[in-house]
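Encoded as structure tokens, the structure appears first; notes follow it.
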């Protein structure tokens, strides 16, 4: 597993544990204000804790099940022959269109691409 993904998963687990502890402390009989950075809940009968918990868990599930594939420069299959194309941040200096990794000339305007 790549290290950045590992750190993200560990962070999500820690957020999940923190929210669980807040929800458990929210069932006490005392009317009070709870604050553990970055979360806070007002009152023991407040439903905001449950909604925030469900929102964060839903966001974590979305990110783990496919959200990361829509974020950043990850490989995407675009053809049936098995070719894989990577997104690139390289742009033509003349027209601003995207340039493939190994291109010597811009496909739109034909200007030469400077090697990096």
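Residue numbers (my numbering): 392 to 507. Backbone N, C-alpha and C fix where the C-beta goes; we use that ideal spot for every residue, glycine too. Computed from a predicted structure; not experimentally measured.
According to the neighbour-count rule (16 or more other Cβ atoms, all chains shown, within 10 Å of its Cβ), is residue i buried or exposed?
i: residue 497; result: buried
i: residue 450; result: exposed
i: residue 500; result: exposed
i: residue 405; result: exposed
i: residue 446; result: exposed
i: residue 483; result: buried
Where does residue i fall in DSSP's three states?
i: residue 491; result: coil
i: residue 481; result: coil
i: residue 503; result: strand
What residues in its chain sit with their C-beta under 7 angstroms from that of residue i, if we drop five residues either side in the sequence?
i: residue 503; result: 495, 496
i: residue 398; result: none
Nearest to residue i by CA position, among the options, is which residue?
i: residue 412; options: 444, 481, 484, 486; result: 444
i: residue 396; options: 408, 410, 456; result: 456
i: residue 493; options: 506, 442, 407; result: 506
i: residue 448; options: 409, 489, 482; result: 409
Could you pull the DSSP bridge partners for residue i from this structure?
i: residue 496; result: 503
Measuring from the CB of residue i, is there a heavy atom of the ligand MN at a distance below 7 angstroms?
i: residue 401; result: With respect to the ligand MN, the structure shown offers nothing to examine, as it has no ligands at all.
Leaving out the 5 sequence neighbours to the left and right, which residues in its chain are closer than 6 angstroms to residue i when beta-carbon positions are compared?
i: residue 402; result: none
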